[in-house]
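Novice: Residue numbers (numbering that gives the first Met the number 0), protein chains in the order written: chain C, 0 to 221; chain W, 0 to 221.
All residues carry an ideal CB built from backbone N, CA and C; glycine is no exception.
Below is one structure. I have some questions about it.
There are 2 protein chains.
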Amino acid sequence: MNKTIPSRKKHSVLPAPTIRRFPLYLSFLKSLKGKENVYVSAPDIAKTLRIDSTQITKDFSFIKVAGKTKVGYEINKLVQNIEKFLGYRDPKKAFIIGIGNLGTALIKYNQFSQEGLEIIAGFDIDTEKVGTRVISTKIYHIKNFKKRFNETPVEIGIITTPSEQAQIIADTIIECGIKAIWNFSASPISAPGTVIVENTSIDSGLAMIKWKLNAGRPLIYK
Amino acid sequence: MNKTIPSRKKHSVLPAPTIRRFPLYLSFLKSLKGKENVYVSAPDIAKTLRIDSTQITKDFSFIKVAGKTKVGYEINKLVQNIEKFLGYRDPKKAFIIGIGNLGTALIKYNQFSQEGLEIIAGFDIDTEKVGTRVISTKIYHIKNFKKRFNETPVEIGIITTPSEQAQIIADTIIECGIKAIWNFSASPISAPGTVIVENTSIDSGLAMIKWKLNAGRPLIYK
DNA sequence: AATCAATAAAGAAATTTTTCTTTAAAAGAA
DNA sequence: TTCTTTTAAAGAAAAATTTCTTTATTGATT
């Protein structure tokens, strides 16, 4: 008993790993643009990305781009379709909570605007920060979150606070009716099944690296 | 043809997703410490973390912590074993390249020292930054990377530069003999199979959120 | 024109990961 | 004590994901 809450995954006709690979493909493809080549083949992409070429083919098939035998895929078409698929032309609004270095980095991350994410306000408890702007994004006190949210509802709440505060912030913004939480804090967030939670955990990445460095061998301690 | 380079995965006796879940467990378990409870059960963890409880049991079995029927797992023991497993007491050294907001955030991220990661120097091209310190971490010009590396070899190179520079930086540090690259830039990095590459891609996280927000339905454009 | 080589595409197979099922143990209640 | 309930643990089954295999197409070469 105590099963995982039945996730939206069931709706999904395409694998989550595939979705996560698309931005990678996109970045690679964009680095190709401007060069003379109009086409790129799956084996070519495979070479630099260290992904099996048939997997790339399969991934592309999900977004209905046909490749040409012996030639490959039309780069522009691929870029267009992936961007469409990822909803780059379907912008979502977000608030960000926690205006430390990471929060600031995310606000300044200038790709978001092209990727269909608009961070329209920031929140913090630090009164020094309240009232300032990061680029053009205004920083408010966290206590005004609900008010701001009601004025301008957003779909996504980005949490970049220290771990200890992450859950409290999450509870607050869930109560306001946020649809999705993008959690950059180290601690997992407890949320009802109706709320989408995506963790971008730095620590998970580190765990993986250290594991690979030790080549999957269990560490021996004295 | 053009298969994925045979990965170290084969060594791995335990699933990559399991490894990535450990830091999550750890964070949750630590939030429990200080409270009166000595034990925690898998179903309890499952409830907050939205992970199937048998999966948690299975994950824990990999690191040889025995639970007690009807009671659960000893919190302290779990914490200890996970930390051991993740190599928290087996520190690795790192250089970080790109001292923007993200780079600064990572240097300031004070959990790394407990997690067995020591960022011992930073590098940038910006002469304004060269010579300064972020907390106690000295910032050098990227052209001095090789020299510094030879003086103090590190296992991990953390790339937090803009996408365009990521590959050039990667090539440079691979040539120096870095073992692992932790890539925070949006663009994938091409590296020989001997080099460990871990991507912590912000864009992948966004892709996933937007997909879930659209409930797995393909976006329709006019 | 015929042959060769490279590639997409579709489907099958294999692998990996998750979920389900069963069993046994043990705490607490009756 | 006996019964009930909760839980870990192990193994089986299912599901998801990746990799392999085959086929067909097409551009290039002879």
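Taking the alpha helix (DSSP H) that T47(C) falls in, what are its first and last residues?
Specialist: For the purposes of this step, residue 47(C) is taken as residue 48 along the first sequence, with counting starting at 1. Run containing T47(C): 41 to 48, per the alpha helix (DSSP H) assignment.
Novice: For the beta strand (DSSP E) holding D123(W), just list the boundary residues, first then last.
Specialist: Residue mapping note: residue 123(W) aligns to position 124 of the second sequence, counting from 1. Looking at the DSSP string, the run of the beta strand (DSSP E) that includes D123(W) is 116 to 123.
Novice: Would a check of beta-carbon distances place R19(C) closer than 8 Å to chain W?
Specialist: In the first sequence, the residue the question calls residue 19(C) occupies position 20. Closer than 8 Å to some Cβ of chain W, the Cβ of R19(C) qualifies, so yes.
Novice: Can you pull the chain C residues whose beta carbon is under 8 Å from the beta carbon of I201(W), in chain order?
Specialist: Taking the first residue of the second sequence as position 1, residue 201(W) is located at position 202. By Cβ distance, chain C contributes L105, Y108, T199.
Novice: In the DSSP output, what is W228(W) paired with across the bridge?
Specialist: A query on residue 228(W) cannot be resolved here, the shown segment of chain W reaching from 0 to 221 and no further.
Novice: With 16 other CB atoms within 10 Å as the buried threshold, where does A214(C) fall?
Specialist: Position 215 of the first sequence, counting from 1, holds the residue named residue 214(C). A214(C) comes out exposed.
Novice: A185(W) versus chain C: which residues are under 8 Å apart at the beta carbon?
Specialist: Within the second sequence, residue 185(W) is the residue found at index 186, counting from 1. What A185(W) touches in chain C: P22, S26, Q110.
Novice: Consult DSSP for E73(C) and reduce its assignment to one of helix, strand or coil.
Specialist: Position 74 of the first sequence holds residue 73(C). Correct three-state label for E73(C): strand.
Novice: With L85(W) and P22(W) assumed to form a contact (beta carbons below 8 Å), what rounded beta-carbon distance in angstroms separates them?
Specialist: Looking up residue 85(W) in the second sequence gives position 86. Looking up residue 22(W) in the second sequence gives position 23. Going by Cβ atoms, the distance from L85(W) to P22(W) rounds to 7 Å, so yes, they are a contact pair.
Novice: Measure from the C-beta of N213(C) to each C-beta in chain W and report whether the shortest distance is under 8 Å.
Specialist: Counting from one through the first sequence, the residue named residue 213(C) turns up at place 214. Closer than 8 Å to some Cβ of chain W, the Cβ of N213(C) qualifies, so yes.
Novice: Check the Cβ-Cβ distances between L116(C) and every residue of chain W, and say whether any is below 8 Å.
Specialist: Numbered from its first residue, the first sequence carries residue 116(C) at position 117. Chain W, which has a Cβ nearer than 8 Å to the Cβ of L116(C), makes this yes.
Novice: In or out: K34(W) buried (at least 16 other Cβ within 10 Å) or exposed?
Specialist: Counting from one through the second sequence, the residue named residue 34(W) turns up at place 35. Answer is exposed; the Cβ neighbour count stays below 16.
Novice: Of the residues A65(C), L25(C), K92(C), which one's Cα is nearest the Cα of E117(C)?
Specialist: Numbered from its first residue, the first sequence carries residue 117(C) at position 118. When only C-alpha atoms are compared, the closest one is K92(C).
Novice: With distance defined between alpha-carbon atoms, name the residue in N100(W), F183(W), I195(W), Q113(W) nearest to G204(W).
Specialist: In the second sequence, counting from the first residue as 1, residue 204(W) sits at position 205. Here the closest residue by C-alpha is F183(W).
Novice: Does chain W have any CB closer than 8 Å to the CB of A179(C)?
Specialist: What you label residue 179(C) is simply residue 180 of the first sequence in a count that begins at 1. Yes, contact with chain W.
Novice: Less than 8 Å between CB atoms is the rule here; does I134(W) satisfy it with respect to chain C?
Specialist: Position 135 of the second sequence, counted from the start, is the residue given in the question as residue 134(W). Cβ-Cβ to chain C under 8 Å: no for I134(W).
Novice: Among A41(C), L48(C), K46(C), which one has its Cα closest to the Cα of S60(C)?
Specialist: Here the question's residue 60(C) lines up with position 61 in the first sequence. Taking only the C-alpha atoms, the option nearest S60(C) is A41(C).
Novice: Using only CA atoms, which one of V78(W), H140(W), I124(W) lies nearest to Q113(W)?
Specialist: Within the second sequence, residue 113(W) is the residue found at index 114, counting from 1. The candidate whose alpha carbon is nearest that of Q113(W) is V78(W).
Novice: Going straight from the alpha carbon of H10(W) to that of T193(W), what length do you get?
Specialist: Along the second sequence, one-based indexing puts residue 10(W) at 11. Along the second sequence, one-based indexing puts residue 193(W) at 194. With a pLDDT of only 44 at H10(W), under the threshold of 50, the placement of this residue in the model should not be trusted; the figure read from the coordinates follows. Their Cα atoms are separated by approximately 14 Å.
Novice: Beta-carbon of G204(C) versus every beta-carbon of chain W: anything under 8 Å?
Specialist: Here residue 204(C) corresponds to residue number 205 of the first sequence, with the count starting at 1. For G204(C), the answer is yes, since a Cβ of chain W falls inside 8 Å of its Cβ.
Novice: If you measure from the beta carbon of E82(W) to each beta carbon in chain C, is any gap under 8 Å?
Specialist: Position 83 of the second sequence holds residue 82(W). Judged by the 8 Å Cβ criterion, E82(W) is not in contact with chain C.
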